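Q: Once you've had a glance at the structure underneath, I'll fire off some questions.
Numbering (the numbering used here), first residue to last: 68 to 240.
What follows is the structure, given as structure tokens:
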């Protein structure tokens with residue numbers, strides 16, 4: 068199964084959200100190319116869809132109230148590496164990223180739920196206009212909004228624009 072790259076013909080769709088287990092990204096996005104059970108894992112496959120210059124938001128579970136706590140840039144180039152885990156060599160995607168920079172004011176989940184209706188409206192509109200999965204970074208209703216259970220998710224330009232207008236950050240590409 069291949070990733071539904073609905074953004075590939077839209078050069079302004081250059082945003083992603085990573086949710087590392089400890090809030091630390093490191094020097095690269097890294098994900099198995101094939102899971103041990105050969106099951107398709109879209110959030111890992113998305114690593115290969117990132118491009119140098121893309122913006123990466125970091126969901127940080129270690130904050131007092133979890134939320135988007137940092138950002139960085141995808142640097143590239145994408146490479147294939149082998150990592151040894153539990154005695155097995157597994158092929159991995161590896162996409163170098165910049166150091167992440169903390170946001171002056173993290174956008175925590177409670178704040179996101181206050182604008183949850185707008186976030187959900189963006190998700191729903193994109194789902195209606197797109198064939199196949201959109202890999203949105205949040206699940207649930209406006210009141211129960213939560214990060215998608217995914218390593219990497221696609222942040223649509225319209226969601227970036229909403230967050231930028233509400234929280235005052237801008238990133239030059």
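Every residue gets a Cβ at the ideal spot worked out from N, C-alpha and C, and that includes glycine. Keep in mind the model is a prediction, meaning the values are calculated, not measured.
Taking just the CA atoms, how far does residue 235 sit from residue 105?
A: Here residue 105 scores only 45 on pLDDT, less than 50, and its place in the model should not be relied on; the value that follows carries that caveat. If I take the Cα positions, the gap works out to 42 Å.
Q: With DSSP run on the structure shown, which of helix, strand or coil describes residue 234?
A: Correct three-state label for residue 234: helix.
Q: Less than 8 Å between the beta carbons of residue 70 and residue 112, yes or no?
A: Yes; because the gap between Cβ atoms is below 8 Å, this pair is in contact.
Q: From which residue to which residue does the alpha helix (DSSP H) around residue 183 run?
A: Taken as a continuous stretch (DSSP letters only), the alpha helix (DSSP H) holding residue 183 covers 183 to 196.
Q: By a C-beta neighbour count over all protein chains shown, 10 Å radius and 16 as the cutoff for buried, is residue 219 buried or exposed?
A: Burial call: buried.
Q: Would you call the CB atoms of residue 126 and residue 86 closer than 8 Å?
A: Yes, Cβ-Cβ distance for residue 126 and residue 86 is below 8 Å.
Q: Provide the residue span of the alpha helix (DSSP H) that contains residue 109, from first to last.
A: 109 to 112 is the span of the alpha helix (DSSP H), which, as asked, contains residue 109.
Q: Quick check on the DSSP output: what are the complete alpha helix (DSSP H) runs of length 4 or more inside the segment 92 to 176, in order along the chain?
A: 109 to 112, all fully within the segment 92 to 176.
Q: Please report the distance separating the alpha-carbon of residue 162 from that of residue 149.
A: If I take the Cα positions, the gap works out to 13 Å.
Q: Counting only the same chain and skipping the five closest in sequence on each side, list residues whose C-beta sits under 7 Å from that of residue 223.
A: For residue 223, where only same-chain residues beyond five positions count, the Cβ hits under 7 Å are 80, 189, 193.
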